[in-house]
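Comments concern the structure below.
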Amino acid sequence: MARLPGSPPRHLTYNHQASICFIIVIPRYSRVIHKDLDLTIQRAHETLQYVPTSYRANATMLMLCRNKEIEGVVSTIRQIEDRFNYKYAYPWVLLNDEPFSDDFKARVSVLTDAPIHFGYIPPAIWNQPEWINETRAEQGRQHLLDLDVIYGGSVPFNSGFFYRHPLVQPYRYYWRPNVDYFCDLSYDPFTYMEVSKKVYGFTLSLPEYEETVKSLWPTVKEFINEYPQYLHPDNALAWLSADGGDTYNMCHFWSNFEIADMDFWRGEAYTKFFDYLEMKGGFYYERWGDAPVHSIAVALFAPKDSIHYFYDIGYRHEDFYHCPGDSTWATGRCSCLKGTSFNGRPAACTNSLVKIASSLY
Numbered sequence: 021m022a023r024l025p026g027s028p029p030r031h032l033t034y035n036h037q038a039s040i041c042f043i044i045v046i047p048r049y050s051r052v053i054h055k056d057l058d059l060t061i062q063r064a065h066e067t068l069q070y071v072p073t074s075y076r077a078n079a080t081m082l083m084l085c086r087n088k089e090i091e092g093v094v095s096t097i098r099q100i101e102d103r104f105n106y107k108y109a110y111p112w113v114l115l116n117d118e119p120f121s122d123d124f125k126a127r128v129s130v131l132t133d134a135p136i137h138f139g140y141i142p143p144a145i146w147n148q149p150e151w152i153n154e155t156r157a158e159q160g161r162q163h164l165l166d167l168d169v170i171y172g173g174s175v176p177f178n179s180g181f182f183y184r185h186p187l188v189q190p191y192r193y194y195w196r197p198n199v200d201y202f203c204d205l206s207y208d209p210f211t212y213m214e215v216s217k218k219v220y221g222f223t224l225s226l227p228e229y230e231e232t233v234k235s236l237w238p239t240v241k242e243f244i245n246e247y248p249q250y251l252h253p254d255n256a257l258a259w260l261s262a263d264g265g266d267t268y269n270m271c272h273f274w275s276n277f278e279i280a281d282m283d284f285w286r287g288e289a290y291t292k293f294f295d296y297l298e299m300k301g302g303f304y305y306e307r308w309g310d311a312p313v314h315s316i317a318v319a320l321f322a323p324k325d326s327i328h329y330f331y332d333i334g335y336r337h338e339d340f341y342h343c344p345g346d347s348t349w350a351t352g353r354c355s356c357l358k359g360t361s362f363n364g365r366p367a368a369c370t371n372s373l374v375k376i377a378s379s380l381y
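Counting from 1 along the sequence shown, just add 20 to a position and that's the residue number in this note's numbering.
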């Protein structure tokens, strides 16, 4: 990985040991009607009709969490197992920047018959690198606190290191499931991603806090000017910018739920991109989040038809909420109010993406 001159490398050395928390609030919601989107489950079953039911993608459920977040972790795992994974037994990987306690591991291990791996993230990877100007970084953190914006210490790891962890390296696909789930899932989204050649799956998209990414888009433009070969000819730039890339509209996929192909993160374009961003220090000076970083990379470096809107997956995280409609709602035995979603609100970014990518669902 590229470093600033004279800066020490961040070696990937791990011990096998290893959680994410979520606050449940029912938000205001809007009704959004996409008749084509309501056929999402039907299309998924048609896509997978010739795949043997015994087939499993090379995939894992992935959580970044801590011992103190045990209640939220238990809730998420139990919901995923009850709604989906009891039929598929995909393994779980739980990562932590402190060793998992025996009590934590004992309580979590009884929730599923699927394999569970507990991993430790060492300080050399988790902590801010030594070459970062701590005075400037502290000023940035204080500025965000003054604006009531929580500083995310995990964003560099979630942006560019999690897929390099030894416990994650064997897998191609991952699902970050750190939310509340409302609906049963009657097909395998991992296999669907593989068969359909999808790179990234999301459910909600919304604008980022501008104060956290002030210099991100100028840095992205610098990168593209230096490495134009990585810009995909059939990209989704129009979703990120209304003026051909001059400015950024702050749209991003909310990454507390994401299903993605790690071959993309491990590829040359994203590796160069992340290393370039890391060298600029914006993760530490401004709090560039993994969500906008992932979103920008997928929108620019992957074909837009490789992005998938999991309209049929109903979930809630903090003040944001999505419930599918009509046949999807009935098929999924959903416990939420049919057809209501943050995606229908003016502030949401999903409708604009649907307009430019007809193969999104």
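From the three backbone atoms N, C-alpha and C, an ideal C-beta is built for every residue, glycine too.
Fair warning: this is a prediction, and the values are worked out from it, not measured in the lab.
Using the C-alpha atoms, what's the distance from residue j back to residue i?
i	j	result
G264	V128	48 Å
F273	D123	34 Å
A126	I90	11 Å
C369	V318	15 Å
N78	P209	12 Å
Q69	P227	37 Å
I100	I333	11 Å
W195	P72	21 Å
M278	P197	Note on identity: in this sequence residue 278 is Glu, with Met being the wrong assignment. Each residue's Cα considered, the two are about 7 Å apart.
L115	Y191	15 Å
S216	R156	45 Å
A262	C271	11 Å
E150	K375	44 Å
G301	Y75	42 Å
A377	E154	42 Å
E158	F120	29 Å
F243	R307	19 Å
Specify, as a first and last residue, the run of the alpha helix (DSSP H) that residue i falls within.
i	result
R161	154-166
G180	175-180
G221	That residue, G221, is in no alpha helix (DSSP H); its beta strand (DSSP E) goes 220-222.
Y212	209-215
M304	The identity of residue 304 in the sequence shown is Tyr, whereas the question assumes Met. That run of the alpha helix (DSSP H) goes 302-305.
I333	Run containing I333: none; DSSP gives neither H nor E here.
N371	370-376
Report the partner residues of residue i according to the DSSP bridge assignment.
i	result
C343	DSSP lists no partner for C343.
P197	F277
Y329	F222
Would you mind giving the Cβ-Cβ distance between residue i and residue j, rounded to the nearest angstrom? I have them listed as a contact below 8 Å.
i	j	result
C203	G352	3 Å
F284	S179	Not quite, the Cβ-Cβ distance comes to about 13 Å (not below 8 Å), so this is no contact.
H342	L224	6 Å
Y296	F321	That belief does not hold up - the Cβ atoms of Y296 and F321 are roughly 12 Å apart, past 8 Å.
Where do the N-terminal and C-terminal ends of the beta strand (DSSP E) with residue i fall, by residue?
i	result
L82	79-84
H185	That residue, H185, is in no beta strand (DSSP E); it is neither H nor E in DSSP.
I316	Where I316 is concerned, there is no enclosing beta strand (DSSP E), although the alpha helix (DSSP H) it sits in stretches over 310-321.
Taking 8 Å as the CB-CB limit, is residue i close to chain D?
i	result
L224	In summary, chain D is missing from the structure at hand, where a single protein chain is found.
Just to confirm the assignment: which complete alpha helix (DSSP H) runs, minimum length 4, are found wholly within the stretch 101-145? Runs found: 122-129.
What are the uninterrupted segments assigned as alpha helix (DSSP H) that are 4 or more residues long and contained completely in the stretch 225-299, given in chain order? Annotation: the stretch 225-299 contains the following complete segments of the alpha helix (DSSP H) (minimum length 4 residues), in chain order: 236-246, 257-260, 282-285.
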